[in-house]
Amino acid sequence: MELLSFISNLSSFATIQSWINDQYKEEKAIKNINKLNNIDLEIRKKILETFNEESEAEYMDNFIAEHAFTIKDKGLSVFFSEKEKKEAIDEICKTNYTISKDKVTKVLNEYFYLLNNYLNNNISFETKFIKKCLDQQTDKIIDVIKSSKPKENIFNDKKYSSIIISKCNAMNTLMINSKFNTDLLLKPFAADYLTANDFESVLLKLDNLLRNFHIKFLNDNAKKSSNESLEALYNFVSVQTLGSMINLTNLYNNKIKYIITCIRHYEYKDKEFYMSLGALGLFNNDMDKSIYVCVMENLIIFFDEAFKELKKSWGNINYKKNEDNTIKEMNRSLYYKVKWYFTKDTKKILKKIYENNKILDTELAEYSGSDVMSIRKLLYSCTQVFLRYNYADDKSTYVFIDHDYKEVIKEYYNDLFEEE
Numbered sequence: 001m002e003l004l005s006f007i008s009n010l011s012s013f014a015t016i017q018s019w020i021n022d023q024y025k026e027e028k029a030i031k032n033i034n035k036l037n038n039i040d041l042e043i044r045k046k047i048l049e050t051f052n053e054e055s056e057a058e059y060m061d062n063f064i065a066e067h068a069f070t071i072k073d074k075g076l077s078v079f080f081s082e083k084e085k086k087e088a089i090d091e092i093c094k095t096n097y098t099i100s101k102d103k104v105t106k107v108l109n110e111y112f113y114l115l116n117n118y119l120n121n122n123i124s125f126e127t128k129f130i131k132k133c134l135d136q137q138t139d140k141i142i143d144v145i146k147s148s149k150p151k152e153n154i155f156n157d158k159k160y161s162s163i164i165i166s167k168c169n170a171m172n173t174l175m176i177n178s179k180f181n182t183d184l185l186l187k188p189f190a191a192d193y194l195t196a197n198d199f200e201s202v203l204l205k206l207d208n209l210l211r212n213f214h215i216k217f218l219n220d221n222a223k224k225s226s227n228e229s230l231e232a233l234y235n236f237v238s239v240q241t242l243g244s245m246i247n248l249t250n251l252y253n254n255k256i257k258y259i260i261t262c263i264r265h266y267e268y269k270d271k272e273f274y275m276s277l278g279a280l281g282l283f284n285n286d287m288d289k290s291i292y293v294c295v296m297e298n299l300i301i302f303f304d305e306a307f308k309e310l311k312k313s314w315g316n317i318n319y320k321k322n323e324d325n326t327i328k329e330m331n332r333s334l335y336y337k338v339k340w341y342f343t344k345d346t347k348k349i350l351k352k353i354y355e356n357n358k359i360l361d362t363e364l365a366e367y368s369g370s371d372v373m374s375i376r377k378l379l380y381s382c383t384q385v386f387l388r389y390n391y392a393d394d395k396s397t398y399v400f401i402d403h404d405y406k407e408v409i410k411e412y413y414n415d416l417f418e419e420e
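Residue numbers 1 to 420, in full-length UniProt numbering, belong to the letters of the sequence shown in order.
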């Protein structure tokens, strides 16, 4: 029988201990009290043989007497694992530093052996069969569990995305409040815009973000012509600071120039692409991940340095007065992105989630008089945009609204939850 088939035939792999316990309730597995009493006598004899010091023997004897009920109760249900044996040994040595760990190990191993041996002699053939299967297949079971565990997708982590968008928004606000009174970005972007399932999709989004830089304005004021937004921004900052930007210049010449080449030639994997990788020091096997981290981290530094240089060059400008307007514009953009998900069917549920911050889908099912699967199907499209979820247990999942969208819902609460 295949391993997975074998496991699937059990009501729950995790309840194997309960299943074995039930075996003991049958006539074939009735406890033999006399044999258990003999185990106590044997272990007492072992203690006296092992420990020369009367105080140590007494300490060991007291420990076993104190834990006898718990240990034997468990010993009649399942076989002791090596981990459990080690924990018991460590507990004794931790509370009595003078006692010999080797002697403790010798006595307790004997005790566990006697209990395991008793259990082995008194359980049914079926239970022994399961025990043998588990012993033989443990590694395979672990491999199956590991293979079924979803792998973390670094490209879908919004950490880098939110920082880059934030840096761009900061420069945009600075530009609006400067003497130029213009936008750096032609349209707003959500904090999680640069997230995707794979690196190629991230690059497409990054390319779109850069194409929405006001490149004509940057070129006109730098008196240079460039088709690359990063180069145009660098040229613009250089003119505004009269070239006094050592950190930004070094970063652009040593990193950003090669990142531009890497991005543009990624699709073709040509000579220029691999030369840019060499210049960036990217040689490990996990190519996409290493390029992604390099690109995102250097863009964060580049935008941060550009912002600092412009702010320093333009003086202590008070640009806070328009910051609220910038945030409002961002929220308005996100509102139009999510409003379509607040339908007649979802409003009641989404309102409950918003008001509770975090709630189990089983609670939502009970609240709406529906079942969990129906709730999950109803909210599935929302989880692709603004709704997030975390594992709670085998039967339920926590559901909550993404942090970036909470303020949007707060600002447009009446519009989103109005009665139809």
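Even glycine gets a Cβ: it sits at the ideal position worked out from N, Cα and C.
How is the beta strand (DSSP E) around residue i delimited, first residue to last?
i	result
T343	No beta strand (DSSP E) holds T343; DSSP gives it neither H nor E.
F213	It is not in any beta strand (DSSP E) - F213 carries neither H nor E in the DSSP assignment.
F51	Neither: F51 is in no beta strand (DSSP E) and is coded neither H nor E.
Please report the distance separating the alpha-carbon of residue i from that of residue j.
i	j	result
T195	D90	47 angstroms
G369	K167	45 angstroms
K410	C93	57 angstroms
Y111	K395	39 angstroms
E309	F303	10 angstroms
A190	Y412	16 angstroms
F342	D192	20 angstroms
I99	L114	23 angstroms
L280	N221	30 angstroms
I164	E305	12 angstroms
M287	E297	16 angstroms
L299	S244	20 angstroms
A232	Y266	21 angstroms
D61	N357	54 angstroms
G75	Y391	Only weak support is given to the placement of G75: the predicted model assigns it a pLDDT of 48, under 50, and the question is left unresolved by the model.
residue 421	E152	With the chain represented from 1 up to 420, any question about residue 421 goes unanswered, as that position is not in the structure.
K31	L108	Its pLDDT being 48, under 50, K31 is placed unreliably in this model, and the value from its coordinates should be taken loosely. One C-alpha to the other measures close to 22 angstroms.
E418	I246	55 angstroms
M339	Y252	The residue asked about is misnamed: residue 339 is Lys in this sequence, not Met. Distance between the alpha carbons of K339 and Y252: 41 angstroms.
D414	L210	In the sequence on display, residue 414 carries Asn and not Asp. N414 and L210: Cα-Cα distance of roughly 35 angstroms.
D207	Y354	34 angstroms
D393	K205	35 angstroms
K328	K159	22 angstroms
E200	Y380	25 angstroms
S226	D157	31 angstroms
Beta-carbon within less than 7 angstroms of residue i's beta-carbon, same chain only, minus the 5 sequence neighbours each way: which residues are those?
i	result
Y389	T383, T397, Y398 and V399
K224	N235
K106	T50
D198	F155
A57	I47, L48 and F51
N212	L185, L186 and K187
V202	F155, L194, A196 and Y292
F289	Checking the sequence, you will find Lys at residue 289 rather than Phe. Answer for K289: I154, listed in chain order.
E272	T261 and H265
S161	A191, D192, Y193, L194 and T195
T362	V372, K395 and S396
L416	K339, F342 and I409
I301	L251
Report back the beta-carbon spacing between residue i and residue j to the nearest angstrom; my notes put them in contact at under 8 angstroms.
i	j	result
L364	K352	6 angstroms
L218	I260	About 15 angstroms separates the two Cβ atoms, so there is no contact after all.
H214	L248	Actually they do not touch by this definition, with Cβ atoms about 19 angstroms apart.
T182	M175	6 angstroms
Y292	S276	The pair is not a contact, with the Cβ atoms about 14 angstroms apart (cut-off 8 angstroms).
I375	I359	Incorrect: roughly 11 angstroms between the Cβ atoms, too far for contact.
I64	I43	6 angstroms
L378	D345	6 angstroms
I263	V295	7 angstroms
On the DSSP letters alone, give me the boundaries of the alpha helix (DSSP H) that residue i sits inside.
i	result
F400	Unbroken run through F400 is the beta strand (DSSP E), T397 to I401; no alpha helix (DSSP H).
I301	M287 to W314
K271	K271 to L280
N415	Checking the displayed sequence, the identity of residue 415 turns out to be Asp instead of Asn. Element bounds for D415: Y413 to F417.
T98	Taken as a continuous stretch (DSSP letters only), T98 belongs to no alpha helix (DSSP H), as it is neither H nor E.
I246	I246 to L251
Y268	It is not in any alpha helix (DSSP H) - Y268 carries neither H nor E in the DSSP assignment.
Can you list, in chain order, the residues of its chain whose CB lies under 8 angstroms from that of residue i, leaving out five sequence neighbours each side?
i	result
W314	L174, S178, K179 and Q240
F283	L277
D402	D192, F386, L387 and R388
V104	M60, I89, I92 and C93
When every heavy atom of the ligand PLP is checked, does at least one fall within less than 8 angstroms of the C-beta of residue i?
i	result
Y367	No copy of the ligand PLP appears in this structure; indeed no ligand is present at all.
Please list, in chain order, all residues of the same chain as residue i whose beta carbon is under 6 angstroms from its beta carbon, the five residues on each side excluded.
i	result
V408	N331, L334 and Y335
K101	C93
K255	N298
Item to check | Length at least 4, wholly inside the region 177–238: the alpha helix (DSSP H) runs in chain order | outcome: 199–211 and 215–222
Checklist entry - Which ranges would you report for the beta strand (DSSP E) in the region 337–395 if only whole runs of at least 3 residues count? => result 358–360 and 387–391
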